[in-house]
Amino acid sequence: MKELSSSQIRQMYLDFFQSKGHTIEPSASLVPKDDPSLLWINSGVATMKKYFSGQVVPENPRLTSSQKSIRTNDIENVGRTARHHTLFEMLGNFSVGDYFKKEAITWAWELLTSPDWFGWDPDKLYMTVYPKDTDAQEFWEKAGVAPDHIIPVEDNFWDIGEGPSGPDSEIFYDRGESFNNLAEDDPENYPGGENERYLEVWNIVFSQFNHEPDGSYKPLPRKNIDTGMGLERVVSIFQNAKTNFETDLFLPIIHKTEALSAGKKYGADAEDDISFKVIADHARAITFAIGDGALPGNEGRGYVIRRLIRRAVVNGQKLGIQGAFLDQLVPIVGEIMQSYYPEVLQQKDYIAKVVRSEEDRFGETLNGGLDLLNGLIADLKQNGGQEIAGADAFKLYDTYGFPVELTQEYAIDQGISVDQAGFKAEMQKQKDRARNARGKQKAMGLQHDLLINVKTPSEYVGYTQLETQSTLTELVVDDQLADEAVSGTAEAMFDTTPFYAEMGGQVADKGDIYDLEGHVVAHVTDVQHAPNGQNLHTLDVVAPLKKGTKYALKVDQVFHSKVEKNHTATHLLDKALRNVFGEHTQQAGSLVEGDYLRFDFTHFGQVDPADLAKAEAIVNQQIFAELPVTTVVTDIESAKKMGAIALFSEKYGKTVRVVSAGDFVTEFCGGNHVKNTNEIGLFKITSESGVGAGVRRIEAVTSGAAYKYLNDHDNVLRSVANDLKVTQLSDVAGKVQALQAQVKELQQKQATLEGKLAGEQAGAVFEKVIQAGQYRLISGTVQVSKMDQLRALADTWREKALSDVLVLGAEVNGKANLLVAVSADKQKQVKAGDLIKAIAPKINGGGGGRPNLAQAGGKNPAGLPDAMAAAADWLTTQA
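Going from the sequence shown to our numbering is simple: count from 1 and add 409.
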């Protein structure tokens, strides 16, 4: 067996398929783009969906990639099995309607067995095939596989319901008898069974049918190849590792964790090893996810990151690690993956900052979870219970990040158990909710032949011309190619066009189509790219259009000019934000309309208004500096040498268009721009907000829209000045501040008077102490304006030790409020929270609180006297 590092193995795979005419696709961002059906990129083929569905025709139908992926559907197995991971890399080669079974099988065998490549012993390789797929059986034998190493398995058919499907062939590596974990006669002891000896390393899917709605299977017009080889598994074979974790992809992280632990060593204890593996796995996942722009949060991707961090922290505590530590693993991950993912090390400081902040936050939450758990255990013991309810265990897991195993450990120490069945039921409910929330969007649709086969060239000339005379080359009417469109909606291609097709956040051009006599024949309402890249115009037809006829195409120049201004402004804003917040800030989306622009960017935390003002000022400085805006078309490497910024989530062709505004900013962009920044006139941010975990959104206007925005606000300010009776606008702020100070002073005086009034009422209430069973009770209603005053009265009562229990009621803004306080020496017998729950129904409400203080609100103030009486009755029944 060759001695290869994970980096060498990854590169060897890609080099092999590149030698077979494949284009190497860079690993896409883990955050899916324009695919709401996915939470994360979860496989290599997930990034190829647009090609397989026919939405886009690739320049080369042969593609290969090493795609980072995240899956969290079985997170509980991480660390407990040899090969479960949340983040993994999937090596793959793909054919979009090009080669099929013969080539895919022949090349797979060559890669695996040739001394020039992997060089594995052919006798250690086994293939499973679909029993009816005799072609696959034949091609494997012709490639050189012994017939007794080809095993028919009925499950070898890839099918996700309606859509493309087909047989597949899985490849297994025999790791030898030393890895055998089953008896010789065990029915799973074979290549393809559930065992440790025969390790699945590669799956080749022959996508050749379409699963129809009626359940039948029809041949696809273009047959595809989709393969997946787990890098971690392959590395474990090359490096003779017992599990994936004893490879160079994980061991450096594990060794660093050893150094941070309380003397723990990997391999010394099975339970400790689980914690080491969980930490190593999760450290990789959170580092890459945050590097790709996702941030911890309470939902979606943010919740996944938060959960992974919390699981890792809890496992760190099991290893005796005190305080934050995960941030120290980020650069280790970056160093391991540097050869293929240099961006991780480039962003290590930012990623570590995000991780450390979340760790610190969880440190506080963890203490709260322990308090809740200790409280649950104490209550159980007091009441003779022997089991923590499943719902309570799930609350600890879901709210505080406590794995149920940790809850169980604490419970066992106290001689009680956890309702595992109840916990699993609650977990299933959560999974069902998540599944329903994601909807039932299909992962991949059927190929659409109509436009895939249309390869008539169409040249976009709108960078320099907004009017052309062009020949109508293709017409689509009612989803059929046509020679004529008489009315209604149609789609059209022209040999040349000045109309921009929506792309990169810039909306499509609008305008009209004229005959050569100057009559309008159609309005252009939208322009999109066809599968082969042509600009496809959506038309509102008002007069007959004929294929092969020449027409005059005219873009709405006023709208186009506004879009140009806003588009150039987004580039200035992008650079300004990086200048203010740091280079970790990345564009997360944009929309360039005629009347405004929208720019989404990654940022951890709230945006300081002062920093926002700085960014706005920087943009305007570049506008007033009258920078020339230039564009060049070049190759990617030359563009990068120019300093052009590219988005990791974008795919670029062999040549790219680069736009520069002076020396201020240089970025990849295929859109339309002004010739000089002075054409933008003015830039004004109108709003800033959060739109998701770690993503902020800025909306802004330029030129005439910016003038209108400022003028409208000026008119509002003048109206306020008139109401305040100030003559100078500059005096408005001072006048408002003076009025605010006056209001605050009046509010303080009001609070003082209300406090005195409440005190006088309380004096009368405090004098009436009654005996309720074994307890001395003070109860009554008072007039206050807010709950704070009730709590203040409770403080006075507590200081004077006037009774065992206090129950106060008040009507505030038409609603009923109750407060219960219990003296320190009676809290073991009577809990304020229990009493408030017993009397709150009298006011049609509910509440809760701590053992010493609780409060409730309700809709029935008339029930306050009944609540007081109910309190006395309840106390009378208490022992």
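All C-beta atoms, glycine included, are put in the ideal place defined by N, C-alpha and C.
Beta carbon of serine 475 nearer than 8 angstroms to that of tyrosine 422: Their beta carbons are under 8 angstroms apart, which means serine 475 touches tyrosine 422 by this criterion.
Sufficient close CB pairs (3 or more, under 8 angstroms) joining the stretch 893 to 909 to the stretch 862 to 878: With a cut-off of 8 angstroms, the stretch 862 to 878 and the stretch 893 to 909 count as touching, because enough Cβ pairs lie within range.
Beta strand (DSSP E) segment containing proline 1289, residue limits: No answer is possible for residue 1289: it lies beyond the span of the chain, which begins at 410 and ends at 1288.
Reduced DSSP secondary structure (H/G/I, E/B, other) of tryptophan 518: In the structure shown, tryptophan 518 sits in a helix (DSSP, three-state: H, G or I).
Extent of the continuous alpha helix (DSSP H) run through aspartate 1123: Segment 1112 to 1133, the alpha helix (DSSP H) holding aspartate 1123.
Where arginine 847 falls: helix, strand or coil (DSSP): The pLDDT assigned to arginine 847 is 41, lower than 50, so where the model puts this residue is not dependable; a value taken from the coordinates is nonetheless given after this. Helix.
Where tryptophan 611 sits in the DSSP three-state scheme: Tryptophan 611 falls in the strand class under three-state DSSP.
Local Cβ density within 10 Å of threonine 481, reported as buried at 16 or more and exposed below that: With a 10 Å radius around the Cβ and a threshold of 16 neighbouring Cβ atoms, threonine 481 comes out buried.
The stretch 636 to 649 in contact with the stretch 494 to 502 per 3-pair CB rule at 8 angstroms: Yes, they touch.
Beta bridge counterpart(s) of isoleucine 479 as assigned by DSSP: The partner list for isoleucine 479 (beta bridge, DSSP) reads Leu496.
Valine 1221 versus Ala1210, Ile797, Val1191, residue with shortest Cα-Cα distance: It is Val1191.
DSSP beta-bridge partners of arginine 471: Looking at the DSSP assignment, arginine 471 forms a beta bridge with Ser504.
N-terminal and C-terminal residue of the beta strand (DSSP E) that arginine 1185 is part of: 1184 to 1190 is the span of the beta strand (DSSP E), which, as asked, contains arginine 1185.
Beta-carbon separation (whole angstroms), lysine 1346 vs valine 933, contact threshold 8 angstroms: Shown here, the chain extends from 410 to 1288; a query on residue 1346 therefore has no answer.
Residue burial classification, asparagine 783 (beta-carbon count within 10 angstroms, cutoff 16): When all chains shown are included, asparagine 783 counts as exposed.
Straight-line Cα distance separating tryptophan 611 from glutamate 512: Their backbone Cα atoms lie some 15 angstroms apart in a straight line.
From Ala1114, Asp949, Leu860, Thr880, residue whose alpha carbon lies closest to that of threonine 898: For threonine 898, the nearest C-alpha among the options comes from Asp949.
Burial state of glutamine 1156 (16 or more Cβ within 10 Å): By the neighbour-count criterion, in which 16 or more other beta carbons inside 10 Å mark a residue as buried, glutamine 1156 falls on the exposed side.
Extent of the continuous beta strand (DSSP E) run through alanine 1225: Per DSSP, alanine 1225 belongs to the beta strand (DSSP E) from 1224 to 1231.
Span of the beta strand (DSSP E), counted from its first residue to its last, around tyrosine 535: Boundaries of the beta strand (DSSP E) around tyrosine 535: 534 to 538.
Cα-Cα separation, lysine 551 to glycine 585: Going from the Cα of lysine 551 to the Cα of glycine 585 covers about 26 angstroms.
Sub-8 angstroms separation of alanine 1279 and alanine 1233 beta-carbons: Not in contact: alanine 1279 and alanine 1233 (Cβ atoms no closer than 8 angstroms).
Given threonine 958 as reference, the closest of Leu754, Lys974, Tyr923 once Cα atoms are compared: Nearest C-alpha to threonine 958: Tyr923.
Residues of its chain near serine 625, where Cβ-Cβ distance is below 7 angstroms and the 5 sequence neighbours each way are ignored: Nothing meets the Cβ criterion.
8 angstroms Cβ cutoff met for lysine 665 and isoleucine 730: Cβ distance not < 8 angstroms, so lysine 665 and isoleucine 730 don't count as in contact.
Cβ neighbours of phenylalanine 1057 in the same chain (closer than 6 angstroms, five flanking residues each side left out): Note that phenylalanine 1057 scores 46 on pLDDT, short of 50, meaning its location in the model is unreliable and no value can be drawn from it.
DSSP three-state assignment for glycine 1172, whether helix, strand or coil: Helix at glycine 1172.
Pairwise C-alpha distance: alanine 1181 and aspartate 1282: Whole-angstrom Cα-Cα distance: 7 angstroms.
Other residues of its chain near aspartate 1213: CB distance less than 6 angstroms, five sequence neighbours each side excluded: Same-chain partners within the cutoff: Tyr1184, Arg1185, Ser1232, Lys1235.
Buried/exposed call for glycine 1052, threshold 16 Cβ in 10 Å: With fewer than 16 other Cβ atoms within 10 Å, it is exposed.
Residue nearest to tryptophan 449 in terms of C-alpha spacing, selected from Ala703, Tyr607, Gln546: The shortest C-alpha to C-alpha distance from tryptophan 449 to any of Ala703, Tyr607, Gln546 is the one to Ala703.
Leucine 1162 (DSSP reduced to helix, strand or coil): Secondary structure at leucine 1162: helix, using DSSP grouped into helix, strand and coil.
Counted within 10 angstroms of its Cβ, other Cβ atoms place proline 531 as buried (16 or more) or exposed: By the 16-neighbour rule on beta-carbons within 10 angstroms, proline 531 is exposed.
Sequence-distant residues of its chain with Cβ nearer than 8 angstroms to threonine 1039 (five each side left out): In chain order, Val1068, Ser1069 place their CB closer than 8 angstroms to the CB of threonine 1039, counting only its own chain and leaving out the 5 sequence neighbours on each side.
Spatial distance of glutamine 756 from glycine 700 (CA atoms): When only Cα atoms are considered, glutamine 756 and glycine 700 end up about 7 angstroms apart.
Inter-residue CB distance, glutamine 1264 and asparagine 1226 (contact presumed, cutoff 8 angstroms): That belief holds up - the Cβ atoms of glutamine 1264 and asparagine 1226 are roughly 7 angstroms apart, short of 8 angstroms.
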